[in-house]
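According to our numbering, the sequence shown is numbered sequentially starting from 17.
One structure is given below, encoded as structure tokens.
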Amino acid sequence: MTYYFSKVLHNVSFEEALDRTKNALKKEGFGVISEINFQKTFKEKLNIDFRKYFIVQACSPADAHKSIVAEEKIGLLLPCNFLLQEKNNGIEVSSIDPRIMMQGLENESMEEIALDISQRLERVIENL
């Protein structure tokens, strides 16, 4: 089992891939809470030219609440990150599989929550 879900989008711009990702997240009940543009950051802070590498941080408030109630320090693993990066063959969109992150918790409630979130994040990737 890998620790992420991933799909390469062909013949689309980076901006279109980003829009598709945000729309797919919304359909699954997630909102975007933050965006990190590493290409821009590397250029500004390190004067390094780098490919487009962008993280979208998404959250479902209802799932976050359930998770925090079930596992007090789960905030260390929140929110859900989506990585968009420029590749030779297109734009790759990836998401973490929450089940992998929860394996070390030994908390049955979190296993159930992670399974539900995992299925929804996988659908986000599939529906791009």
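For glycine and all other residues, C-beta sits at the position ideal for the given N, C-alpha and C.
#1: May I ask you to list the residues that DSSP assigns as paired with Phe21?
#2: If I'm right that Leu94 touches Ser110 with Cβ under 8 Å, what's the distance once you round it to whole angstroms?
#3: Where Val48 and Ala130 are concerned, what is the direct C-alpha to C-alpha distance, given to the nearest angstrom?
#4: Of the choices Lys61, Ile112, Glu60 and Gln73, whose alpha-carbon is the least far from that of Lys23?
#5: Could you please give the first and the last residue of the uninterrupted alpha helix (DSSP H) stretch that includes Asn39?
#6: Under 7 Å Cβ to Cβ from Phe21, same chain only, skipping five residues before and after it: list those, please.
#7: Since I believe Phe70 is in contact with Phe54 (beta carbons under 8 Å), could you give me their beta-carbon distance rounded to a whole number of angstroms?
#8: So what does Gly5 bridge to, in DSSP terms?
#9: Quick one: is Ile90 buried, meaning 16 or more other Cβ sit within 10 Å of its Cβ, or exposed?
#10: What residues match up with Ser50 in a beta bridge as DSSP calls it?
#11: To the nearest angstrom, how far is the alpha carbon of Asn27 from that of Glu124?
#12: Just reading off the alpha helix (DSSP H) that Gln135 is part of, what are its end residues?
#13: Excluding the 5 residues preceding and the 5 following Ser83 in the sequence, name in chain order all residues of the same chain whose CB lies nearer than 8 Å to its CB.
On the basis of the data shown:
#1: Ser111.
#2: By a beta-carbon distance limit of 8 Å, Leu94 does not contact Ser110. Their separation comes to about 17 Å.
#3: So the alpha carbons of these two residues sit roughly 19 Å apart.
#4: Among Lys61, Ile112, Glu60 and Gln73, the Cα nearest to that of Lys23 is on Ile112.
#5: It spans Phe30 to Lys43 - the alpha helix (DSSP H) in which Asn39 sits, taken as one unbroken run.
#6: If the five residues before and after Phe21 are omitted, its C-beta is found closer than 7 Å to the C-beta atoms of Ser110, Ser111, Asp113, Leu137, Glu138 and Ile141, all from its own chain and listed in chain order.
#7: Right, their Cβ atoms sit about 7 Å apart.
#8: The structure shown does not extend to residue 5, since the chain spans only 17 to 144, so no value can be given for it.
#9: Taking all protein chains in view, the Cβ of Ile90 is crowded by 16 or more other Cβ atoms within 10 Å, so the residue is classified as buried.
#10: Bridge partners of Ser50: Gln73.
#11: Their Cα atoms are separated by approximately 42 Å.
#12: Per DSSP, Gln135 belongs to the alpha helix (DSSP H) from Glu124 to Glu142.
#13: Within the same chain, Ser83 has close Cβ partners Ile90, Leu94, Met126 and Ile129.
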